[in-house]
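Worksheet: the structure to be examined is printed underneath.
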Amino acid sequence: MTGVLGALSEAWDEVRVHKSRVVLSLVGVFLAVFAMTTVTALGLIVAQVQQESAERGAGRPATIAVNAYDPTTGMPPDPAEWDAAVTELVDRYGIATAASISYGEGLYRMPGGTQRMQTMRVSPAYGDLHRKEPVQGRWFREGDRTALSPALVVNEAFLEALGIPDLSSRPTVVLGGPAPVRATIVGVVREGWGSEPIVYRVDRSGGPWGDAGAVDPAQAMYGGPSTLELWVPPDQADQVMEVVSRDLGAALGGVQVDAFRQDASGMEETLAMLRLAIRGAGIVVLVLGGLGVLNIGLVTVRQRIREIGVRRSFGATSGRIFSAVMLESVCATALAGVAAVGASIVLVRNLPLEQWLNDGIPLADAPGFPVAAAVEGLVAATAVGALAGLLPAIIAVRAKVIDAIRF
Amino acid sequence: MTLLSLRGISREVDLPDGTVLPILTGVDLDVAPGEHVSIVGRSGSGKSTLLNILGLLDTPTAGGYLLDGEPTDHLRARRRSRLRGEVFGFVFQQFNLLPRRTAVENVAAPLLYARGRDFLRRRRTAAEMLERVGLGARADQVPERLSGGEQQRVAIARALVRAPRVVLADEPTGALDVETGAQVMELLARATAENGAALVTITHDLSVAALADRRFRLDAGRLAPLVEAGALDAATSDRGTG
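Taken in sequence, the protein lines are chains Z and U.
Add 1061 to the 1-based position in the first sequence for our numbering, that's all there is to it.
Add 490 to the 1-based position in the second sequence for our numbering, that's all there is to it.
So this is what it looks like as C-alpha cells:
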C-alpha cells in the first residue's frame, strides 16, 4: 500500500516541482482534449439541431402520413366518417400519437384589410410529431379543441403584420367569412422566410365556428384532403402502413387511402457519419497533443537521468522508477484533461448555440453537455499520458545506475 | 561478526576494441558492524567501482560477496534494490541532492521507498535528521541556496535517514575546502557511529583516511592494507577520484 502511495507521491512531487515544464508540455494536451471534447459536444448539439430541423418539417421517426380521398372527385371523405374511422384505428392498434392535418386558405382581418392566408389546421399532437417549440406562448393543447375562440399559432411575420410586438397583450384576430369569429393567438413559432405569414389553426373549436374564416375550397388557391399522421416505432412502420391502408379503406368504403413514410429517411446514417467525422478530427488533434507530451517527456527524462540514478541508490526498484515516470505523465495529463473538460463545459454551456445554430428556436430535446464526451476526454487524456510516458519510462529504467549517478 | 565480506572480487570491462580492461583483481575485504574503513588510491585505481560493488550498484565479474553472510551474486534485481535501500546509505562527492527540492524533501526522499510507519512519518524523520546535522533552521532551503558544506551535511542526513547499517562515502570531502571538509568528515564519522553503522570511505585526503579504524590502499585494482605514512603519501600522490 505504501508502495503505491509512494509512487503517487513521487509522481505528484515531480509535477509540483517542475510546474513550468509540466504546464508547458500540457498545453498541447489541454488544447487537444479541449478541442476534442468541445467539438464532440458541439457535434452532438449540431446533430440534434439537424435532427430537430428535419423532424420539424417531416416528423419524427417514424411518421406515417395517411391521405384519403375520393378517386373520382378528389374530395376528402366526410369529416365525421373520417374522424370515426381514425379513432377506431388508433384505438385498435394503440397508436399513442396521431395528428390530423388539413390545408386551406383562411380570411384574416388584418390592420390593412382582410387577407387570404394559407392555413394549416392541425390537432395538438402535430406539435409532438413535428417538435413544435414556440418562441413565445405555447403550442395547441386538447382544451383548445373545445374553446369557443379558435386557437392560432402564428409566425413572427404574421404577428408583425398584425402590428403586435409580442403575446403580452393576449392578441386576437378576427376570422372572416359567413360566420366571423375572434380567434386567439396562443403561440408564436419561428418559421418561414421574410414576411411570409404562417398560420396554424387548431383542427376544431367549440361553437358553430368550425368553418369560420375558411375560404370556399372551390375558390381556394390551395387546399386538399385531410392528412393523418401517425407516430409509430420505426421497425413497425411498414406493417403499420399496410394495416392502415387496408383498415381505413375498408371503413370508409370507396375511398382511396394512401399511407407512406414521411420522416426523413437516411437521417440516422447522415448523423452517424457526421459524428464519426467529428470524432476522427478530435482523435487527430489529440494524437498531435500526445506527440508534444512525448517529445518533452523524452527530453526531460534525459535531463533527469542523474536524479534517477540517485533514486536507485535509495533503493528504488526498476518497477518503481518506471511507474514514477509513467505516473508523472499520467497524473499531469489527467489534470490537463480535467481542466480541458471543465473549460469545455463552461464554453459550451455559455455559447448561445440555439441562437447560432437553430435560428433562436429552443431545442425540444436540448442535449446537456454530453457525459460521454467528458468521459472520453478524460480517458483520452489519461491514455495519452500513459502512452507518452511509456517511452521515457523505458529509457529511465534502462539507464545503468552507475552511469546515471555519474551522468 | 562480519557485515560485508568480499572474497576474490574481480571486475572487468569490455572495451570497444575487443580487449578486456581489469578494474579490480582479487579483492578481499571484511567490514564489521560499526567499523570505519577507508580506502585510498590513485585516480582510476578502481575505488569507486569497489564502492559500487559494496553498495550493490554494480556486480563483480568474479569472486564472492557476502552481505550479512548471505551471498549476493544470485540476488534478483528487485531484492538488490530493496537491500540497497535498507542496508546502505550513500554520500557522493558531488552531493547529488535532488534539485529544486528543499533540504527536508531531499532528506525524506529515501523514505519514499520505505514501508509503513517509516514512509508515513518521513517528513518528521527527515526534519529530526536535519536537526542532528545542525541544519534544522535550513530545512526549507533548496540546495541552490545552501553552501557546499551545508549541501554535504544534507547529503549525510539523507544517507542516514533510513538508519542504514553501512554508509558508503565516495570522496565525501572532494568538493569542499579543507576546513569544511574536516567538519563534514567529523560529522559523518560521529553520526554513523551514533547510528551504529559501518562507514566505508573512499578518499584521497590523508587526514580523512587517517580517521578510519582500518585503512586500505587500492593500486591497479588490488587492495592491500595501508599502515605506513610513507605508503599513504605514495598512494595519494596522484590526487583524484578512482
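Positions of the beta carbon are idealized from the N, C-alpha and C atoms, including for glycine.
Nothing here was measured: the structure is a model prediction, and the numbers come from that model.
Among the residues of its own chain, which have a CB less than 7 Å from the CB of residue i, if the five just before and after it don't count?
| i | result |
| --- | --- |
| Leu1388 of chain Z | Ala1068, Leu1069 and Ala1072 |
| Gly1253 of chain Z | Asn1216, Ala1218 and Ile1259 |
| Leu1309 of chain Z | Val1127, Ala1129, Ala1146, Leu1150 and Val1318 |
| Ile1339 of chain Z | Val1100, Thr1101 and Gly1104 |
| Ala679 of chain U | His526, Leu689 and Leu701 |
| Ala649 of chain U | Gly579, Phe580, Val581 and Val657 |
| Glu1257 of chain Z | Ala1218 |
| Val1386 of chain Z | Val1362, Gly1450, Pro1453, Ala1454 and Ala1457 |
| Gly1204 of chain Z | none |
Applying a beta-carbon distance threshold of less than 9 Å, which residues of chain U neighbour residue i?
| i | result |
| --- | --- |
| Ala1454 of chain Z | By Cβ distance, chain U contributes nothing, its closest Cβ being about 16 Å from Ala1454 of chain Z, past 9 Å. |
Which chain U residues sit within Cβ distance under 8 Å of residue i?
| i | result |
| --- | --- |
| Ser1384 of chain Z | Neighbours of Ser1384 of chain Z on chain U: none; closest Cβ ~12 Å, over 8 Å. |
| Glu1075 of chain Z | Those do not exist, as Glu1075 of chain Z stays about 10 Å from chain U at its closest Cβ, beyond 8 Å. |
| Gly1358 of chain Z | Simply none; closest approach about 18 Å. |
| Val1078 of chain Z | Arg590 and Arg591 |
Please list the partners that residue i has in chain Z, where partner means a Cβ-to-Cβ separation under 9 Å.
| i | result |
| --- | --- |
| Ala567 of chain U | Thr1378 and Ser1379 |
| Leu544 of chain U | The premise fails here: Leu544 of chain U is roughly 12 Å from chain Z at the closest Cβ pair, so nothing lies under 9 Å. |
| Asn586 of chain U | Arg1367, Glu1368, Gly1370, Val1371, Ser1374 and Ile1466 |
| Ser535 of chain U | Within chain Z, no residue comes near Ser535 of chain U; the closest Cβ sits about 16 Å away, beyond 9 Å. |
| Arg605 of chain U | Met1062, Thr1063, Gly1064 and Gly1067 |
| Arg501 of chain U | Chain Z residues near Arg501 of chain U: none, gap ~11 Å exceeds 9 Å. |
| Arg572 of chain U | Gly1376 and Thr1378 |
| Ala617 of chain U | Ordered by position in chain Z, no residue passes the 9 Å Cβ test against Ala617 of chain U, which lies about 17 Å from the chain. |
| Phe582 of chain U | Val1371, Ser1374 and Ile1466 |
Could you name the residues of the same chain whose beta carbon sits closer than 8 Å to that of residue i, not counting the 5 residues immediately before and after it, in chain order?
| i | result |
| --- | --- |
| Leu1452 of chain Z | Leu1355, Gly1358 and Leu1359 |
| Gln1280 of chain Z | Confidence is the limiting factor: at Gln1280 of chain Z the pLDDT is only 49, short of 50, which leaves the residue's position unreliable and the question unanswerable from this model. |
| Leu1313 of chain Z | Ala1129, Pro1138, Glu1142, Trp1143 and Ala1146 |
| Asp507 of chain U | none |
| Val1076 of chain Z | Val1083, Glu1389, Cys1392, Ala1393 and Leu1396 |
| Tyr1283 of chain Z | With a pLDDT of 45 at Tyr1283 of chain Z, under the threshold of 50, the modelled position of that residue is not reliable, and no figure is offered here. |
Could you tell me which chain U residues have their CB closer than 7 Å to the CB of residue i, listed as they occur along the chain?
| i | result |
| --- | --- |
| Glu1071 of chain Z | Leu602 |
Determine the contact status of residue i and residue j, defining contact as a CB-CB distance below 8 Å.
| i | j | result |
| --- | --- | --- |
| Tyr1164 of chain Z | Met1181 of chain Z | yes |
| Ser495 of chain U | Ala702 of chain U | no |
| Val1247 of chain Z | Gly1174 of chain Z | no |
| Gly1120 of chain Z | Asp1324 of chain Z | yes |
| Ser1287 of chain Z | Ser1184 of chain Z | no |
| Asp518 of chain U | Leu677 of chain U | no |
| Pro1211 of chain Z | Leu1223 of chain Z | no |
| Thr670 of chain U | Val530 of chain U | no |
| Ala1311 of chain Z | Ile1125 of chain Z | no |
| Ser571 of chain U | Thr1378 of chain Z | yes |
| Leu493 of chain U | Val521 of chain U | yes |
| Leu601 of chain U | Arg612 of chain U | yes |
| Thr1158 of chain Z | Ala1186 of chain Z | yes |
| Gly553 of chain U | Ser500 of chain U | yes |
| Ser535 of chain U | Ala710 of chain U | yes |
Beta-carbon within less than 6 Å of residue i's beta-carbon, same chain only, minus the 5 sequence neighbours each way: which residues are those?
| i | result |
| --- | --- |
| Leu1414 of chain Z | Ile1106 |
| Gly1089 of chain Z | Gly1350 and Gly1353 |
| Thr691 of chain U | Ser528 and Ala659 |
| Tyr1169 of chain Z | Gln1176, Met1178 and Val1234 |
| Asp630 of chain U | Thr592 |
| Ser1405 of chain Z | Phe1095, Thr1098 and Thr1099 |
| Ala1435 of chain Z | Val1402 |
| Arg1192 of chain Z | Glu1113, Glu1116, Arg1117 and Ala1425 |
| Leu1291 of chain Z | Ile1125, Ile1156 and Ala1159 |
At a CB-CB cut-off below 8 Å, which residues of chain Z make contact with residue i?
| i | result |
| --- | --- |
| Leu547 of chain U | Arg1373, Ser1374, Val1462, Ile1463 and Ile1466 |
| Phe609 of chain U | Thr1063, Leu1066 and Gly1067 |
How would you list, in chain order, the residues of chain Z whose beta-carbon sits under 7 Å from the beta-carbon of residue i?
| i | result |
| --- | --- |
| Gly575 of chain U | Phe1375 and Gly1376 |
| Ala629 of chain U | Near Ala629 of chain U there are no residues of chain Z at all, since even the closest Cβ is about 16 Å away, more than 7 Å. |
### Query
Any chance the segment 505-514 of chain U sits against the segment 1379-1399 of chain Z, with 3 or more Cβ pairs inside 8 Å?
no
### Message
Count Cβ pairs between the segment 676-691 of chain U and the segment 650-667 of chain U that sit closer than 8 Å; are there 3 or more?
### Response
yes
### Query
Three or more C-beta pairs closer than 8 Å, one from the segment 603-622 of chain U and one from the segment 540-551 of chain U: is that the case here?
no
#### Entry: Three CB pairs or more closer than 8 Å across the segment 1426-1446 of chain Z and the segment 1335-1352 of chain Z
yes
### Given 8 Å, three or more beta-carbon pairs between the segment 1398-1412 of chain Z and the segment 592-606 of chain U
no
### Message
Does the contact criterion of 3 or more C-beta pairs under 8 Å hold for the segment 557-566 of chain U versus the segment 585-594 of chain U?
### Response
no
### Message
For the segment 629-645 of chain U against the segment 663-678 of chain U, do three or more pairs of beta-carbon atoms, one drawn from each stretch, fall closer than 8 Å, so that the two count as touching?
### Response
yes
### Query
What are the start and end residues of each continuous beta strand (DSSP E) run of 3 or more residues lying completely inside the segment 1308-1369 of chain Z, in chain order?
1317-1322
### Query
Can you list, in chain order, the stretches of the beta strand (DSSP E) that have 3 or more residues and sit fully within the segment 563-648 of chain U?
578-581
### Segments of 3+ residues assigned as beta strand (DSSP E) that fall wholly inside the segment 1177-1241 of chain Z
1212-1216 and 1233-1236
### Task
Taking only runs that begin and end inside the segment 1383-1420 of chain Z, name each unbroken beta strand (DSSP E) of 3 or more residues, in chain order.
none
### Query
Enumerated in chain order, which unbroken segments of the alpha helix (DSSP H) with a length of 4 residues or greater are wholly contained in the segment 497-572 of chain U?
537-544
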